Amino acid sequence: SGLITIDPGFKNTGSTKSAITFLDGEEGILRYRGYRIEDLAEKSTFLEVSYLLIYGELPTQSEFEKFSRDVTTHTLVHEDIKKILDGFPSNAHPMGVLSSMICSLTAFYPDSLDPNRSAEEVNLSIVRLLAKMPTFAAWAYKNEMGHPANYPDNSLDYCSNFLKMMFALPAENYEVDPVVAKALDQLLILHADHEQNCSTSTVRIVGSSQASLFASISAGINALWGPLHGGANQSVIEMLEAIKADGGDSKKYLAKAKDKNDPFRLMGFGHRVYKNFDPRAKIIKKAADDVLEKLGLENDPILAIAKELEEAALNDSYFVERKLYPNVDFYSGIIYRALGIPTDMFTVMFALGRLPGWIAQWKEMRENNEPIGRPRQVYTGANERDYVSMNKR
Ligand code: CMC
37 SGLITIDPGF KNTGSTKSAI TFLDGEEGIL RYRGYRIEDL AEKSTFLEVS YLLIYGELPT
97 QSEFEKFSRD VTTHTLVHED IKKILDGFPS NAHPMGVLSS MICSLTAFYP DSLDPNRSAE
157 EVNLSIVRLL AKMPTFAAWA YKNEMGHPAN YPDNSLDYCS NFLKMMFALP AENYEVDPVV
217 AKALDQLLIL HADHEQNCST STVRIVGSSQ ASLFASISAG INALWGPLHG GANQSVIEML
277 EAIKADGGDS KKYLAKAKDK NDPFRLMGFG HRVYKNFDPR AKIIKKAADD VLEKLGLEND
337 PILAIAKELE EAALNDSYFV ERKLYPNVDF YSGIIYRALG IPTDMFTVMF ALGRLPGWIA
397 QWKEMRENNE PIGRPRQVYT GANERDYVSM NKR
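Here the sequence shown stands for residues 37 to 429, where the numbers follow full-length UniProt numbering.
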């Protein structure tokens, strides 16, 4: 065991070489395939960014039209998957429902289990995933609400179709608000990839055993679910709402976060890699102001508490010394909330955004023929012992 280095949480261990996402934590730089996140968030669309991440280049007009058409063609899901959905109690967390439905695709497309499929066949699975994920996400929400599920509307763009499946009710006319669709599209771009984070590493390590793409992505969704990862966006809003209900005293919660005897952490603060600022948080903070103003919600008390809390933390030596800054999740929940997305769907929204990144990383790992992921350990248990029969213990 002298040869084995232990690195809990892999803080200093690289697991792979990757050509997808560049991240400089000191400088606060994030680029997908070389393109600045700031440019992509402002100028691109989520589907275009998905293409970029997965295939390595921005698409030409005709490549993009074909890709959009392919994705649109596959938005419908097998009716039997609805039976699986119907079996979930309405209080099931939508993340569990989503990962189950994604994994169920292995049953509906058993050819996806063959690790030796051609690139075209793999590509069909990729397109299916991108197409069906919004349908599953919206249906998980409908199940929770006890509302009838809506079928996809293929005349709409990716985000508008998702919003319509989420919010349209049979008795009402639903028109997608372009401000809401645009804001959602931008949030998904900002979440689309983030190199070897917990869920992405999960996708790669599950895929490294040559498990199917669907099974690997389902595992990634489960890894994302935890409050220290994607679940943080839900925890942030719950925290802000608790502060509001408690009289709006953000200083009290700051003190709790600093107290080492209190497990409470300031949710949406801190990052394993970013030590100066999270470039996504910068964009999202501005977007939160813009979107809430456009929707007439600029006086949202939760937004005010978030800003007060951020200001207080950034001037507090505990947070300054530990280089803790707001991360992508600090303001994203405020926007999702303003768009009408319920709190327990926030992490599902993160999964929707992260999907192309997971796919790109899975594809890269397989194309590079990476070996099975299998970390080592240092054993610290008992030395060899003789078996003691039960009547003598
Ligand atoms: N509130 C209070 N103290 C904190 C926080 C926080 N949010 N984050 C880190 N610290 C302290 C921590 O207690 C430790 O202090 P000390 O050195 O005195 O023991 C120090 O800062 C270093 O923290 P760490 O836990 O060793 O750092 P890490 O790299 O293992 O964890 C993190 C990174 C993101 C899990 C952590 O900062 C955290 O728990 N943040 C809150 C949850 C959150 O917002 N997660 C979303 C991350 S970004 C999106 C995503 O990945 O999904």
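Think of the CB as a built atom: it goes at the ideal place given N, C-alpha and C, for glycine as much as any other residue. Model, not experiment: these values are computed from the prediction.
Closer than 7 angstroms: residue i CB and nearest the ligand CMC heavy atom
i	result
residue 233	yes
residue 363	yes
residue 64	no
residue 385	no
residue 305	yes
residue 376	no
residue 389	no
residue 45	yes
residue 358	yes
residue 264	yes
residue 105	no
residue 255	no
residue 301	yes
residue 278	no
residue 153	no
Range of the contiguous alpha helix (DSSP H) that encloses residue i
i	result
residue 68	No alpha helix (DSSP H) contains residue 68, which is instead part of the beta strand (DSSP E) from 65 to 68.
residue 58	Counting along the chain, residue 58 falls outside any alpha helix (DSSP H), though it belongs to the beta strand (DSSP E) covering 57 to 60.
residue 161	155 to 181
residue 250	249 to 261
residue 363	Looking at the DSSP string, residue 363 is not in any alpha helix (DSSP H), and its letter there is neither H nor E.
residue 268	268 to 281
residue 316	315 to 330
residue 383	382 to 403
residue 203	194 to 203
residue 88	82 to 91
residue 406	Residue 406 -> no alpha helix (DSSP H), and no H or E assigned at all.
residue 222	214 to 226
residue 231	No alpha helix (DSSP H) holds residue 231; DSSP gives it neither H nor E.
Sequence-distant residues of the same chain with beta carbon closer than 8 angstroms to residue i, five excluded per side
i	result
residue 244	401, 406, 407, 408 and 409
residue 338	273, 276, 277, 280, 370 and 373
residue 204	186 and 210
residue 102	none
residue 305	293, 349, 355, 360, 361, 362, 363 and 366
residue 353	none
residue 249	148, 158, 161, 162, 165, 243, 395 and 398
Other residues of its chain near residue i: CB distance less than 6 angstroms, five sequence neighbours each side excluded
i	result
residue 196	212 and 217
residue 246	151
residue 256	235, 238, 239 and 394
Same chain only: Cβ atoms within 7 angstroms of residue i, ignoring 5 sequence neighbours per side
i	result
residue 80	225
residue 311	61, 62 and 359
Proximity winner among the options, relative to residue i (alpha-carbon distances)
i	options	result
residue 381	309, 353 and 269	269
residue 266	228, 183, 207 and 348	228
residue 69	92, 361 and 116	92
residue 307	158, 290, 363 and 287	363
residue 387	51, 173 and 157	173
residue 303	293, 297 and 309	293
residue 191	421, 119 and 109	109
residue 214	415, 175, 375 and 118	375
residue 433	180, 78 and 179	There is no way to answer for residue 433, as the model of the chain reaches only from 37 to 429.
residue 111	288, 188 and 377	188
residue 141	252, 64 and 57	252
residue 155	403, 427 and 107	403
residue 94	72, 114 and 115	72
residue 317	335, 48 and 74	74
Cutoff 8 angstroms: residue i Cβ touching any chain D Cβ
i	result
residue 346	Of the protein chains in this structure there is only one, and it is not chain D.
Between the segment 386 to 401 and the segment 84 to 91, do three or more beta carbon pairs fall short of 8 angstroms? yes
Do the segment 41 to 59 and the segment 228 to 240 make contact, defined as three or more Cβ pairs closer than 8 angstroms? yes
Under 8 angstroms, with one C-beta from each stretch per pair, do the segment 254 to 266 and the segment 155 to 165 reach the 3-pair mark? no
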